[in-house]
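Worksheet for the structure shown next.
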Amino acid sequence: MGEEREERKAVGHELGLGSGYREFRGRHEFPSNMVHGILAIGMWIGAMHFNVSLLLLSFLFFSFSKFLLVLGLLLVFVFLPIDPYSKFGRSLARYICKHLSSYFPTTLHVEDVHNFHPDRAYVFGYEPHSVLPIGVVTLAELTGFMPLPKLKCLASSAVFYTPFLRHIWTWLGTTPATKKFFSSLLNAGYSCIVVSSGVQEAFHMERGSEIAFLRARRGFVRVAMETGCPLVPVFCFGQSHAYKWWKPGGKFYLQFSRAIKFTPIFFWGIFGSPIPDQHPMHVVVGKPIELKKNPQPTVEEVLILLSLKYMANLFKHFKISLRDKARVGYADIPLKIL
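Heads up: the sequence shown at position 194 corresponds to 208 in our numbering, and the numbers run straight through without jumps.
This is the structure in structure tokens:
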């Protein structure tokens with residue numbers, strides 16, 4: 015343990031970072047194995063595949079009346095009330111966070127942990143989205159790496175209309191990505207993780223490049239300015255390698271994705287299954303950008319902050335020379351901001 019702490023300090027010195035640099039390694043903090051990792055993944059995203067398979071099999075092999083019964087039962091789970099603080103649910107969510115962090119594994123690099131105070135709320139702008147923003151689990155409240163007791167992650171509203179998935183993700187600390195929820199959480203002292211590019215970034219994904227669709231995604235910056243909460247740039251290296259994927263193109267596909275607030279993509283991992291490849295991920299958290307509270311920021315003020323401060327910090331952390339960067343296979347991948 016002592017040797018490992020010294021090694022981590024040495025990494026910080028190599029990167030030119032100060033005494034506040036911290037590194038949290040998922041596999042070291044949460045020893046696990048393949049079985050627990052696959053179970054955690056199954057609980058985290060398996061509901062999507064379960065729902066589709068159940069409906070398809072019911073339609074093909076059951077009578078129409080029984081198919082309608084299955085459909086009705088699924089609809090019940092769409093509207094069934096959820097207790098976000100359920101002991102069972104929180105225990106299940108903690109299990110998922112820990113074993114997912116160990117599975118890939120993920121490593122969290124915090125540039126200066128002393129800049130984060132437990133009594134303040136922060137807006138974490140997380141990039142990239144990729145097929146699924148898996149690395150965000152490293153920042154989750156139940157993972158416990160960040161020194162912040164109140165953390166929520168904002169996700170597409172479509173998640174909360176999906177049977178079973180809505181239960182798991184609610185227990186994981188996820189809420190709908192609406193301005194109403196976003197602002198109220200910040201005002202209540204919760205830090206919020208926003209996968210800022212959302213649906214359109216998934217539409218613009220390219221192989222061999224990291225895409226950040228930010229120029230037209232200004233809402234998270236505006237809310238941060240309105241509430242005066244510091245804005246934190248976050249980038250996850252290696253996440254784009256977790257899945258292979260295929261998606262159609264064209265204007266209709268983009269319009270359809272916007273309408274359902276979700277980008278339909280064919281993706282696969284190990285042996286063509288939904289289980290992602292075990293590719294190391296490195297989540298880099300930059301220093302908070304302090305903001306002066308501005309209840310009614312103009313479009314120009316939002317654009318200036320987005321382009322001059324947030325994007326500059328994002329580029330900085332994309333280019334940072336992490337020790338493991340070349341070894342995990344993303345040393346030469348360019349970043350494109352659209």
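Note that beta-carbon positions come from the ideal geometry of N, C-alpha and C, so glycine has one too.
Model, not experiment: these values are computed from the prediction.
As an exercise, report each continuous beta strand (DSSP E) stretch of at least 3 residues that is fully enclosed by the segment 253-309, in chain order. 258-260, 280-282 and 295-299
Quick one: is GLY16 buried, meaning 16 or more other Cβ sit within 10 Å of its Cβ, or exposed? To locate residue 16, count along the sequence shown from 1; it is residue 2. A caution first: GLY16 carries a pLDDT of 46, below 50, which makes its placement in the model unreliable, though a value can still be read off. Classification for GLY16: exposed.
Determine the DSSP secondary structure at THR241, reduced to helix, strand or coil. Your numbering for residue 241 matches position 227 in the sequence shown. Looking at THR241 - three-state DSSP - the assignment turns out to be helix.
So, at 6 Å on beta carbons, what are the nonlocal neighbours of TRP183 in its own chain, with the 5 sequence-adjacent residues on each side left out? Position 169 of the sequence shown holds residue 183. Excluding sequence neighbours, TRP183 sits near VAL173.
First through last residue of the beta strand (DSSP E) which encompasses GLY40: In the sequence shown, the residue the question calls residue 40 occupies position 26. Premise fails: GLY40 lies in the alpha helix (DSSP H), 40-43, not in any beta strand (DSSP E).
Limits of the alpha helix (DSSP H) - the one that ILE225 falls within: Position 211 of the sequence shown, counting from 1, holds the residue named residue 225. ILE225 -> not in any alpha helix (DSSP H); beta strand (DSSP E) instead, spanning 224-226.
Beta strand (DSSP E) containing GLY381: first to last residue? No answer is possible for residue 381: the residues shown for the chain start at 15 and end at 352.
Assuming PHE276 and SER170 form a contact by the criterion Cβ under 8 Å, report the distance between their Cβ atoms to the nearest whole angstrom. As a working note, residue 276 is residue 262 in the sequence shown. As a working note, residue 170 is residue 156 in the sequence shown. Between SER170 and PHE276 the Cβ distance is about 6 Å, and since that is below 8 Å, they are a contact.
Taking 8 Å as the threshold (C-beta atoms), are SER254 and PRO142 in contact? As a first step, residue 142 must be located in the sequence shown, where it is residue number 128. As a first step, residue 254 must be located in the sequence shown, where it is residue number 240. Yes. Within cutoff.
4-residue-minimum alpha helix (DSSP H) runs that sit fully inside the segment 79-130, ordered along the chain: 101-117
Going by the CB atoms, is the gap between LEU305 and LEU245 shorter than 8 Å? Counting from one through the sequence shown, the residue named residue 245 turns up at place 231. Counting from one through the sequence shown, the residue named residue 305 turns up at place 291. Taking 8 Å as the Cβ cut-off, LEU245 and LEU305 qualify as a contacting pair.
At what residues does the beta strand (DSSP E) containing LEU168 begin and finish? For this step, residue 168 is matched to residue 154 along the sequence shown. Note, LEU168: beta strand (DSSP E), 165-169.
Suppose contacts are defined by Cβ-Cβ distances below 8 Å. Is ILE110 in contact with LEU186 by that definition? In the sequence shown, residue 110 corresponds to position 96, counting from 1. In the sequence shown, residue 186 corresponds to position 172, counting from 1. Against a cut-off of 8 Å, the Cβ pair of LEU186 and ILE110 comes out as a contact.
Is the number of C-beta pairs between the segment 136-155 and the segment 291-299 that are closer than 8 Å three or more? yes
Is TYR35 near the ligand PLP, going by C-beta to nearest heavy atom under 7 Å? Because no ligand of any kind appears in the structure shown, any question about the ligand PLP cannot be addressed here.
List the DSSP bridge partners of PRO190. Mapped onto the sequence shown, residue 190 falls at position 176. Answer by DSSP bridge pairing, in chain order: ALA169.
With three or more beta-carbon pairs closer than 8 Å as the criterion, would you say the segment 192-212 touches the segment 148-163? yes
Go ahead and label VAL124 buried or exposed: buried means 16 or more other beta carbons lie within 10 angstroms of its beta carbon, across all protein chains shown. Locating residue 124 in the sequence shown gives position 110, counting from the first residue. Buried, since its Cβ has 16 or more Cβ neighbours within 10 Å.
Continuous beta strand (DSSP E) stretch holding ARG137: start and end: Taking the first residue of the sequence shown as 1, we reach residue 137 at position 123. Reading the sequence as shown, one finds Val at residue 137 and not Arg. Residues 137-141.
Taking the alpha-carbon positions, what's the LEU168 to LYS258 distance? Mapped onto the sequence shown, residue 168 falls at position 154. Mapped onto the sequence shown, residue 258 falls at position 244. LEU168 and LYS258: Cα-Cα distance of roughly 25 Å.
On the three-state DSSP scale, how would you describe PHE178? Within the sequence shown, numbered from 1, the residue matching residue 178 stands at position 164. Coil at PHE178, not helix or strand.
How long is the line joining the alpha carbons of TYR99 and ALA107, rounded to whole angstroms? As a first step, residue 99 must be located in the sequence shown, where it is residue number 85. As a first step, residue 107 must be located in the sequence shown, where it is residue number 93. Cα to Cα, the separation comes out at about 11 Å.
Where LEU179 and ILE96 are concerned, what is the direct C-alpha to C-alpha distance, given to the nearest angstrom? The residue given as residue 179 occupies position 165 in the sequence shown. The residue given as residue 96 occupies position 82 in the sequence shown. Those two C-alpha atoms are separated by around 11 Å.
I need the DSSP call for ARG432, collapsed to helix, strand or coil. Residue 432 is absent from the model: the chain starts at 15 and stops at 352.
Length of the line joining the Cα atoms of TYR35 and ASN129: Walking along the sequence shown from the start, residue 35 turns up at place 21. Walking along the sequence shown from the start, residue 129 turns up at place 115. Going from the Cα of TYR35 to the Cα of ASN129 covers about 10 Å.
Pull up the distance between the alpha-carbon of MET239 and that of PRO132, whole angstroms please. Here residue 239 is taken as the residue at index 225 of the sequence shown, counted from 1. Here residue 132 is taken as the residue at index 118 of the sequence shown, counted from 1. About 20 Å.
Looking at the structure shown, is VAL145 part of a helix, part of a strand, or coil, going by DSSP? Reading the sequence shown from its first residue, position 131 is the one you call residue 145. It is coil, neither helix nor strand.
So ILE148 packs on ALA226, CB below 8 Å; how close in whole Å? Locating residue 148 in the sequence shown gives position 134, where the first residue counts as 1. Locating residue 226 in the sequence shown gives position 212, where the first residue counts as 1. With 8 Å as the limit, ILE148 and ALA226 do not qualify as a contact, their Cβ atoms being about 17 Å apart.
When the Cα atoms are used, what is the spatial distance from LYS307 to ALA216? Indexing the sequence shown from 1 puts residue 307 at position 293. Indexing the sequence shown from 1 puts residue 216 at position 202. Each residue's Cα considered, the two are about 32 Å apart.
SER33, enclosing alpha helix (DSSP H) - first and last residue: The sequence position of residue 33 within the sequence shown is 19, counting from 1. It is not in any alpha helix (DSSP H) - SER33 carries neither H nor E in the DSSP assignment.
Local Cβ density within 10 Å of GLU37, reported as buried at 16 or more and exposed below that: Indexing the sequence shown from 1 puts residue 37 at position 23. Buried is the call here.
Considering only residues of the same chain and omitting the five flanking positions on each side of GLY233, which have a CB-CB separation below 6 Å? For the purposes of this step, residue 233 is identified with residue 219 of the sequence shown, where counting begins at 1. Cβ within range, chain order: n/a, list empty.
Since ARG41 and SER144 are thought to touch, with beta carbons under 8 Å apart, how far apart are those beta carbons, to the nearest angstrom? On the sequence shown, position 27 is the one that residue 41 refers to. On the sequence shown, position 130 is the one that residue 144 refers to. Between SER144 and ARG41 the Cβ distance is about 21 Å, and since that is not below 8 Å, they are no contact.
Where the alpha helix (DSSP H) through HIS63 begins and ends: In the sequence shown, counting from the first residue as 1, residue 63 sits at position 49. Run containing HIS63: 48-75, per the alpha helix (DSSP H) assignment.
From the DSSP output, read off the bridge partner residues of PHE249. Along the sequence shown, read from residue 1 onward, the residue named residue 249 stands at position 235. DSSP output for PHE249 lists GLU141 and VAL298 as bridge partner(s).
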